[in-house]
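Below is one structure, written out as structure tokens; comments come after it.
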């Protein structure tokens, strides 16, 4: 898919990604290939809870062999092999996980359905912002089919995290 190819190239060139892509446009494969593009050892993939978790697992199983994808890790414990640790937005918003980003210390952060961070006062948004401010070299890759409902202000901070000076 041309969109996926361009997205992965741009992510590498810009050390981050902001991808607005409609449903079925290839965000899942991008999110699973980004750790390989960045040679990440501790990639973190943040997804919505519920059916998105099952969909991610099913998609990964279908794509794993032909694309030689890294293993998915739902244990929250670092692995010896490079892997993609998967957490949900709901997990990150819980008070007991307030320092998870700093404790896990990912070398790549991928937010699928990143429009979920449009509320700038929400805990996930504030935690991501704090982590990015203290780890500005860690690539942030954000993807959404609908990044804004009313205004560019919905996603302007996320755009800056992902693209930095290229924003």
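In the working numbering, the protein residues as written are 20 to 186. Ideal Cβ placement from N, Cα and C applies to all residues, glycine included.
Residues near residue i in its chain [Cβ-Cβ closer than 7 Å; skip 5 each side]
{"i": "residue 45", "result": "20, 22, 23"}
{"i": "residue 163", "result": "39, 132, 133, 134"}
{"i": "residue 138", "result": "144"}
Bridge partners - residue i, DSSP secondary structure assignment
{"i": "residue 135", "result": "DSSP, once it has assigned bridges, lists no residue as partnering residue 135."}
{"i": "residue 38", "result": "162"}
{"i": "residue 75", "result": "Paired residues: none, contrary to the question."}
Extent of the continuous beta strand (DSSP E) to which residue i belongs
{"i": "residue 89", "result": "Careful: residue 89 lies outside any beta strand (DSSP E) and carries neither H nor E."}
{"i": "residue 62", "result": "61–66"}
{"i": "residue 157", "result": "Here residue 157 belongs to no beta strand (DSSP E), and DSSP marks it neither H nor E."}
{"i": "residue 102", "result": "102–107"}
Boundaries (first-last residue) of the alpha helix (DSSP H) holding residue i
{"i": "residue 178", "result": "175–182"}
{"i": "residue 33", "result": "21–33"}
{"i": "residue 95", "result": "Note, residue 95: premise wrong, no alpha helix (DSSP H); not H, not E."}
Beta-carbon proximity check, residue i vs residue j, cutoff 8 Å
{"i": "residue 160", "j": "residue 36", "result": "yes"}
{"i": "residue 97", "j": "residue 89", "result": "no"}
{"i": "residue 70", "j": "residue 136", "result": "no"}
{"i": "residue 117", "j": "residue 146", "result": "yes"}
{"i": "residue 72", "j": "residue 107", "result": "yes"}
Residues near residue i by beta carbon distance below 6 Å, same chain, minus five either side
{"i": "residue 105", "result": "64, 91, 93"}
Reference residue i; option with closest CA among the options
{"i": "residue 152", "options": "120, 85, 51, 165", "result": "120"}
Own chain partners of residue i with C-beta closer than 8 Å, once the 5 adjacent residues on each side are dropped
{"i": "residue 4", "result": "In the structure as shown, the chain begins at 20 and stops at 186. Residue 4 is therefore absent and cannot be evaluated."}
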